[in-house]
Amino acid sequence: MSNNTEMMRYVPTTCPYCGVGCGLNLVVNNGKVVGVEPYKRTPVNEGKLCPKGISCWEFVHSPDR
18 MSNNTEMMRY VPTTCPYCGV GCGLNLVVNN GKVVGVEPYK RTPVNEGKLC PKGISCWEFV
78 HSPDR
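Structure follows, in structure tokens:
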């Protein structure tokens, strides 16, 4: 592993799609969002995500942005 390679990390945030406010972790690798996982310690979504929440990270790198 080279010195400029960032380890994968998880950034806690809230899903942007509806008013429920589900907790999720963005999976970041080398400064780029590469996935999402449910935040398991929030009572709002109890460690689960809907289809919109599971795919919410994909719009970050959309060419239409």
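Residue numbers for the sequence shown follow this note's numbering, so the first one is 18 and each next one is one higher. Ideal Cβ positions, reconstructed from N, Cα and C, are used throughout, including at glycine.
Among the options, the one whose alpha carbon lies nearest that of residue i
i: GLY38; options: HIS78, PRO55, MET25 and ASP81; result: PRO55
i: CYS35; options: VAL50, LYS69, VAL44 and GLY64; result: LYS69
i: MET24; options: GLU63, LEU43 and ASN47; result: ASN47
i: ILE71; options: CYS32, TYR27 and ARG26; result: CYS32
i: HIS78; options: LYS65, VAL45, ARG58 and THR30; result: VAL45
i: LEU43; options: GLU75, PRO80, ASP81 and CYS67; result: GLU75
Whole-Å CB distance - residue i paired with residue j, under 8 Å assumed
i: CYS73; j: VAL51; result: Contact doesn't hold; Cβ gap of about 13 Å is too wide.
Burial state of residue i (16 or more Cβ within 10 Å)
i: GLY40; result: buried
Own chain partners of residue i with C-beta closer than 8 Å, once the 5 adjacent residues on each side are dropped
i: VAL61; result: VAL37, GLY38, CYS39 and GLY40
i: LYS59; result: As written in the sequence, residue 59 is Thr, which differs from the Lys given in the question. Same-chain partners within the cutoff: CYS39 and GLY40.
Contacts around residue i, its chain only, beta-carbon distance under 7 Å, and the 5 residues preceding and following it disregarded
i: LYS65; result: PRO55
i: PRO29; result: GLY40, ASN42 and TYR56
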